[in-house]
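Residue numbers (the working numbering), protein chains in the order written: chain A, 215 to 328; chain B, 1359 to 1472.
Every residue gets a Cβ at the ideal spot worked out from N, C-alpha and C, and that includes glycine.
Because the structure is a prediction, the values reported are computed rather than measured.
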Amino acid sequence: KAGVTQTPRYLIKTRGQQVTLSCSPISGHRSVSWYQQTPGQGLQFLFEYFSETQRNKGNFPGRFSGRQFSNSRSEMNVSTLELGDSALYLCASSLESGGMETQYFGPGTRLLVL
Amino acid sequence: AQTVTQSQPEMSVQEAETVTLSCTYDTSENNYYLFWYKQPPSRQMILVIRQEAYKQQNATENRFSVNFQKAAKSFSLKISDSQLGDTAMYFCAFMSYNFNKFYFGSGTKLNVKP
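Printed below as a string of structure tokens:
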């Protein structure tokens, strides 16, 4: 089975712009979670989507949003980019939702905001 | 608020030896999950081991085992017979039972020396 894929792998944007990141989960997986990884704040949970519904959400401002399509692919959008949004954005998928499910991570999208 | 603390930013171990990574957490919840994730250099994050808080028995996965002390809110990872491929960043994580909270520690960089 193909693993979790994320596109694009690298992205450079300027402050004030918006960006959309994409995540394709492993075939058959219905849960997709997003994480932000920065040197300063470490790894932080953004949100989780399950069957096209946002099920859980971390503590991020409304500029961070996402959605999931019927084929379980997910997109994450960040509007009005700030310098502090520069980070590695990881996506992970699992068959179902919850702590008993093993999450499989993608390689990440590295976003640089100038 | 839940927090996860990894007090060892960096550790080294000789190949074939045993090393223990520390993790403490703070929560008022009774049921939850704890995880150790491994992020090798330039490679994807993978789940190493998982512990359910309501299970007293410590989880083991081959060379990896945990020492889960619920009352002390401690969750350490022991790696036996360390291998060069164990070189990675290790993250301890806490997830509430219903997945509405998911927190990571700041990570411990483990270097296995030949």
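Worksheet item: Would alanine 1411 of chain B pass as a contact of lysine 1428 of chain B if the rule is Cβ separation under 8 Å?
Response: yes
Worksheet entry | Element boundaries [beta strand (DSSP E), containing arginine 269 of chain A] | 267 to 271
Worksheet item: Which of the residues in the stretch 1443 to 1460 of chain B, read from start to end, lie with their CB under 9 Å from any CB of chain A?
Response: Going along the stretch 1443 to 1460 of chain B in chain order, one finds Phe1449, Ala1451, Met1453, Ser1454, Tyr1455, Asn1456, Phe1457, Asn1458, Lys1459 and Phe1460 with a Cβ nearer than 9 Å to chain A.
Discussion item. According to DSSP, simplified to helix, strand and coil, what is glycine 298 of chain A?
Written reply: When DSSP states are grouped into helix, strand and coil, glycine 298 of chain A belongs to the helix group.
Worksheet item: Excluding the five sequence neighbours on either side, which residues of its own chain have a C-beta within less than 7 Å of the C-beta of glutamate 310 of chain A, listed in chain order?
Response: Arg244 and Ser245
Worksheet entry | proline 1446 of chain B: first and last residue of the uninterrupted beta strand (DSSP E) it sits in | Reading the sequence as shown, one finds alanine at residue 1446 of chain B and not proline. That run of the beta strand (DSSP E) goes 1446 to 1454.
Discussion item. Can you list, in chain order, the residues of its chain with a C-beta nearer than 8 Å to that of phenylalanine 1460 of chain B? Leave out the 5 residues immediately preceding and following it.
Written reply: Ala1451, Phe1452, Met1453 and Ser1454
Worksheet item: Going along the chain, which residues of its own chain have a beta-carbon closer than 8 Å to the beta-carbon of isoleucine 240 of chain A, five neighbours each way excluded?
Response: Lys215, Ala216, Gly217, Val218, Ser307 and Tyr318
Worksheet item: Counting Cβ pairs closer than 8 Å, one from the stretch 1436 to 1446 of chain B and one from the stretch 1370 to 1384 of chain B, do we hit at least three?
Response: yes
Worksheet item: On the three-state DSSP scale, how would you describe leucine 1442 of chain B?
Response: Here DSSP, grouped into helix, strand and coil, assigns leucine 1442 of chain B to helix.
Fill in: Inter-residue Cα distance where the pair is glycine 322 of chain A and arginine 269 of chain A
21 Å
Discussion item. I need the DSSP call for phenylalanine 274 of chain A, collapsed to helix, strand or coil.
Written reply: Of the three classes helix, strand and coil, the one that applies to phenylalanine 274 of chain A here is coil, per DSSP.
Worksheet item: Under the rule that 16 or more other beta-carbon atoms within 10 Å means buried, what is aspartate 1384 of chain B, buried or exposed?
Response: exposed
Worksheet item: Whose Cβ in chain B lies nearer than 7 Å to the Cβ of leucine 257 of chain A?
Response: Phe1449 and Phe1462
Practice prompt. Since I believe tyrosine 1395 of chain B is in contact with valine 1327 of chain B (beta carbons under 8 Å), could you give me their beta-carbon distance rounded to a whole number of angstroms?
Written response: Because residue 1327 of chain B is not part of the residues shown, which for chain B are 1359 to 1472, the question remains open.
Fill in: Pairwise C-alpha distance: arginine 281 of chain A and valine 292 of chain A
12 Å
Worksheet item: Using the beta-carbon of each residue, which ones in chain A are nearer than 9 Å to glutamine 1402 of chain B?
Response: Gly217, Val218, Leu304, Tyr318, Phe319, Gly320, Pro321 and Gly322
Worksheet entry | Within chain A, the residues that tyrosine 1391 of chain B reaches when beta carbons sit closer than 8 Å | Gly313 and Met314
Discussion item. So that I know if they touch, is there some Cβ in chain B lying closer than 8 Å to that of glutamate 266 of chain A?
Written reply: no
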